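Report on the following structure.
Structure, rendered in structure tokens:
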């Protein structure tokens, strides 16, 4: 059991039930989630001591988010309670050729305005093993970008391994803005996760020519890109999940990892139907981290890919799976036979 | 933005949730819909001034139907409030090899008994661009058939383009009855929409030998039939959607259009899973009308086919889509990637 | 209309809605079911006089189970009301590569403790045509195994045909225990139903080498096994359903029957999506029994396979289908076109 | 356990959830009920052999109604399956000063068109103890009124006790029509149930001056009216429930019975909140019948009043209570303490 | 039918179902509402031509709000589509001694940033009869306060009657801020609505000494205050609803009106249970406006009080009642008897 | 913030929605709760370090219970994972004169079979302030009674204050059994909580003659009984909540406390409607403990009574309230005015 810290935003998610469009819904399903919170939830579910750092407004909706974190087994001792609002997003779940759509309403959320001194980083990173963050957090605001930088410095000072998920979001910033903020932060990173689109927009790397809509993957292109990323930034590991989008409810899914020596490629999963694909990338990152901490890169990429695949079958942002659930899939049990 | 009138019945639809059979349901999902109302809803959603003509009983269930029309942006100024009952139908949604089933309880609905003078057709058709009706309305009753005839005469007198969707319904009348009533009405029609089954039963045209259950389409047969229909009745356009039924939740879908010169064939959509296929034909008709009014036949058939395809992914009778939604699919975005 | 008796346990089933995991559910869907009750429900639905024998605690949850049986048209006159508790099981419905899981909480249920004299077997089997039980009941407890033995004796004494579904359950007993109890009971059986796994664990027969996960069926192996079973135990018929598990929501499905002369193989069904696969084996057994009683073995295997296929599309344990529904599928209507 | 027959209509009831108005509802709660079916359900729940006579269309909605009857333990052997439609009604549940409202859509239902020879009355009434009907059935149609008359004749010929609930419905007929049809039918009746409004409109008796809205009951007036009714028609018993309407969710409730010698007055119940008052009168009639069959008039009026009071706390038309439940209330347990 | 304009904010309202606390909810009920939108909805329901002026973001949640307005019959032709977000609020419905609570998240909503030239006031107020706004709108932002001022000027220039509901909101501004902004706006107002708390905080008037928690109303004090308000600002009418809060689910309710000559006092309503009290003040204002437009002050105060009382029984912000519904209550039908 | 330990059983609770009877429910609402878990949840909600000791089976339903504990902020570090099953109970919520009913199915639950060495009591009670248990736990089994005894010994050895809630349960044991087990355990107890019924059945004390159904409380009788209890067992405090049951949805509620010097009587609450009264006694105990730890007996009895009153308005077993919520009610805010 490792001590793992993640830092970021948790939002209220409001999704329409039964494939209804936004304009049809008379109820919204309530979940709470966000990239780094999702990673903390997965890692707590795998048995680690997962600490999530964020800021939540001191009202009952903020408390509801906090309770969801606690329910998942996350250590919320260091969550700051301040700020005016909880960021939120609306999710309409697509089907077949109708895509899912997301509407963000997250500007000026508590974490985007949280001061650095809201977190006692020396206490937090003491004896910690891992720190994970994503490119979403520095995109929220200048102060959030600064918070990430300070956290990275402190983590490094405590000898903590750092992973990042680039997670480029068009609605939060431009590629130029992203590059300006993210490039210097890469110097702290040991494990870099990002798909071809992220790598291009955030770090300016030309991606492989893969047409993700058609499913033909240029694996050599990925390998070349991963090598270049590793060389440029000195990452220990470069990883990516790869999604082939056949429709809103049918995807292919696999993952790649490069450790400087070997280029690991996971099994491919054919996911049909997809119940909820939000958080699949976070589930992959969590599985990869778990695998790297507890076993080998070869295991880590399979564990991460399987964890990410399972997330597609589970409602909500959090990946509600155990190590046992993931191992069962890693070991080949894809048949879905009833366990009784 | 065109002024478009549709005339017909809107029913209460009671459907079972969660793939339950009728005998299992402890709740029914409530929707309101009907062929011509569905077309009006789609066209209002595309930005047109859509007027729906019908009659609704002057009680709260009638008012609920009216509010649903208004919510969709339909102009309900000319809806008559009279009659004893709102027609209704029960819908059990099938899955895999279990078909969806419909039980009608629509006899003696308000519109089937509405008098001609309930509608001020001269006011209604003044400056109008298009009038759409379907073969369901004259099948309801003699008075409804008469109403359609008068409406067609008035529309023609005002120079309004007229489209029909043949929409043969076994439970409402026999082929002989349909032929007797529908054939003379064809003289008013500019744009005729109907699949091979409709054409045979309503107009007596021998359809192509296509086995719709197997998916092999005899396109030459359709072309021949469309030419014959056009020549016989003088239609400007003949169009049809084509459905290949693999199962209750998996269909193929495309559409054809003939304008006397060219024979247009849309892209084929593979729809899996189907969320709700009721109203797909109406969605196609609406898209076709929108395309013919605003652009070219080549655009119209693609726009209609895509609109119809999207309807399969949306609960309820109404196609809750915007022009932007349909264009996105026309332009090839079938991958269902999350829009964020 | 035949008089048919089944004997066994009916449980409360608590399932999670909307593909939620157990740890997410804030409501459970309530159904009542169990192998032999499911068979009685199907047969009542086919128009037979179906009597279910069981014991239910004399409280309102027991009464709720009873009302569900009555609703299905089952004759509950002989249900004993005693015991402390209704057995129950929790069901989490899987999706794609995530399997469904079952947690049993059925120990010390009313039927597992019911005394033999709770049932007036001479009255019950008088003029009866068929008696069906499954391997689950003797696995519940020693007293339940004894109850089955007495019932078989009485049924035989009244000249009633007896069928069994082996239904091996790992969580209830070991193969050795099963063999010790079940082997002597086989002497009463006329129609034996069991898949390759059941035959091996319960009766010690080496199954065909078929890899059910991959879908290649060794039909010759089945034939050989069926012949051996028939010869060893003197069964009139040996039958099995065959499931190919592609995923939790996508299965292949067919059935086999051997009558000593011919080896019958049903059509194969591709079931996608699966709505609820619990009770499919019971639905097959019911269809087979109906077919054998009313028609020929050739018809019986097709009717049974189609009945079992349809069950996959219906929520709950009971197969809510009529003879007409099944015949429609037997006759080839797999296209799922709306019936209107 | 007595053999009791009731005859009438069972309808689909569609009610809005959560105090929504008709125009707000996106789902309807599904129940099946109707005066005489409700009485049969109560009496079956009290342990009697209750037979319900009606006609249901031979489609799945008709079957759903049938299954609800069976679930309640009613003998449905004699239910006719014919006709075009199941009558239905919409129910909006009021609260505080907003009244509940009902919209009927029951014209031309199966039972209103059922022929007399659909029922083998000699078989049905053989060894029967009681026949109950209400004034709703003859109000449905001429043929239904004739059916009631024939049933009464047959019941009398078999020596069966007959009870009626006058149940005047403004929306079905006028007082004059009611009087013309109902007065001759009174000659068959032994037990007459009807409130002051019914007695006035159906039988032309001047009611007591009680202002039911204010709650002051003129008991002497009732006694006088009951005596006059008894003398005029030769009833053995005259009974009535009395409701004081404070609001849609708060009522007072009691009942009166006259047997020619004594005038019995039940306890008064203060019911707040009311969960569902539909069927309370039927629950009262059922309790009264049970009491008269099994005990004394003094017991019967208390049992009937308590049964009716309990119905107000139970969703749906049927009174889901046991003899034990009712006795507990009769014996004074009104405190609602948790039973654990 | 009058032409009536209202201007303000419409928000998404997210409420917990079944009396759950915020921290328990796994779904939120979705409604859209806000003071001035609620007034427009009521007036449209009473048959007036009600125009609502606001600004909604050009995304699907904004469109959902728009559709709700259209469904209610409101003319949305002049709704501006711009801005970043739809304001929202969370509502937890209390019970007994647990109060309902509201959490606002409405800062920087579209209407708070809408420019004056988004509305063509000359076109809007042409031939208009009435303009209604509330103290919430100028409290949103400086630009919103300016918008209200311009609208008042334009309305006055077109001879339109202006009403205001003071609606003081602690969470939006301080009494000093309110006074500074609102006092000059009073010069445009003809009909002033506000309770004693509003009058004190917004206009600085010392309220009557009434203890609203105890229910003893100092009517003379109200009269004195109303007279002073009228004299100071030259209002034609001063009105107020009066609420006595016994608990979250039990209130008393009445209303007062002063026209310079008479002091009108409505009936008192005892509302128990309350289903949803949000929007009751808006419902009162709407009823008052309807009454003043169509009849006399004496009628108006009763119609307004009854409309407001009914709102307490209806879920959501909008008062889903017709003139007929309100008249029935005005005329004394408080008994809640079922209408059938 | 005190360190407080509670020990007992947590069960799955399955309750019917919408006042449905058990036999009507097609879904059950899922909660997890039990006396001592409820106390831990309340105390965690008040900001204390609350540790719950129990045993949960190592399957997903056990994990679901665990997650609910964590969500409430309870420290679950010492929860044992072993045993076969989670105890459960069925709850039907009554209304008006229909009582709520409970059906237990808790025999042989994990905690009833947990060995003493599953808990490291020395570690658990180190620096602890308070230990709370109830009479339910020793009633479960001999081993559970032994576990409680050992826990009390260990707590005493660590100088921890011990409170008990007698909580007599008829369905678990007889008064004689209770007396035999509970009397010796009283020697460890500092704070004894129990109503008059508990005191009589568990400790053999003659209760005051109060008729709890009628609401007249014999306070002098309580005082005398409390004094006798204190003298006999040497309790520091004796406390009781007092409930007056008017109906299932309307109760009076208050509380009493005796500390050897003063006899404290809280305010009386009139609770109408009751949303969920399960756990109100536990909520009272929690409030009392909080009050005694942080303030005075006079404060404690008011805080406990208010906490218990609020529980009646909240669904589920846990009292979802903060110190602020309770203080607001203690300070007199019973009016339920919306907080906005």
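Protein chains in written order, with my numbering: chain G, 3 to 342; chain A, 3 to 342; chain Y, 3 to 342; chain S, 3 to 342; chain V, 3 to 342; chain B, 3 to 342. The C-beta atom is built at its ideal place from N, Cα and C for all residues, glycine as well. Since this is a predicted model, take the numbers as computed values, not measurements.
Secondary structure of residue 308 of chain S (DSSP, three-state): helix. Any Cβ of chain S closer than 8 Å to the Cβ of residue 92 of chain B would place that residue at the interface, and such an atom is absent. Bounds of the beta strand (DSSP E) holding residue 253 of chain A are 252-260.
At least one C-beta of chain S is nearer than 8 Å to the C-beta of residue 73 of chain Y.
Taking the C-beta atoms as reference points, residue 89 of chain S is found no nearer than 8 Å to residue 56 of chain S. The C-alpha of residue 335 of chain S is placed about 16 Å away from the C-alpha of residue 245 of chain B. Of all residues in the segment 7-33 of chain B, those with a C-beta nearer than 7 Å to a C-beta of chain S are 20, 21, 22, 23, 25 and 26, reading in chain order. In the structure shown, the three-state DSSP call for residue 333 of chain V is coil. In the three-state DSSP reduction, residue 5 of chain Y falls in the strand class (E or B).
Counting along the chain, no beta strand (DSSP E) covers residue 123 of chain Y; the unbroken alpha helix (DSSP H) around it starts and ends at 123-127. Under DSSP, the beta-bridge partners assigned to residue 267 of chain B are B:258. Excluding residues up to 5 positions away in sequence, 13, 15, 104, 105, 106, 107 and 108 lie with their Cβ nearer than 7 Å to the Cβ of residue 91 of chain V in the same chain. Sorting S:321, S:6, S:194 and S:340 by C-alpha distance to the C-alpha of residue 73 of chain S places S:321 at the top.
By the Cβ neighbour-count rule, residue 22 of chain S is buried, with 16 or more other Cβ atoms within 10 Å of its own. If you check the CB distance, residue 254 of chain G and residue 270 of chain G come in under 8 Å.
Secondary structure note for residue 47 of chain B: its alpha helix (DSSP H) is the uninterrupted segment 37-47. Just so you know, the alpha carbons of residue 155 of chain G and residue 234 of chain G end up roughly 20 Å apart. Cβ neighbours of residue 290 of chain S within its own chain (closer than 6 Å, five residues either side excluded): 241, 302 and 306.
At least one CB of chain S lies nearer than 8 Å to the CB of residue 65 of chain A. In the three-state reduction of the DSSP assignment, residue 203 of chain Y falls in the helix class, which pools H, G and I.
One Cα belongs to residue 97 of chain V, the other to residue 250 of chain V, and the distance between them is close to 5 Å. In the three-state scheme derived from DSSP, where H, G and I count as helix and E and B as strand, residue 62 of chain Y is classed as helix. A straight line joining the alpha-carbon of residue 52 of chain V with that of residue 5 of chain V spans about 6 Å. Burial state of residue 99 of chain Y is buried, judged by a 10 Å Cβ sphere holding 16 or more other Cβ atoms. For residue 318 of chain V, the CB contacts under 6 Å within the same chain, skipping 5 residues up- and downstream, are 33 in chain order.
Here residue 278 of chain S carries a coil assignment [DSSP, helix/strand/coil].
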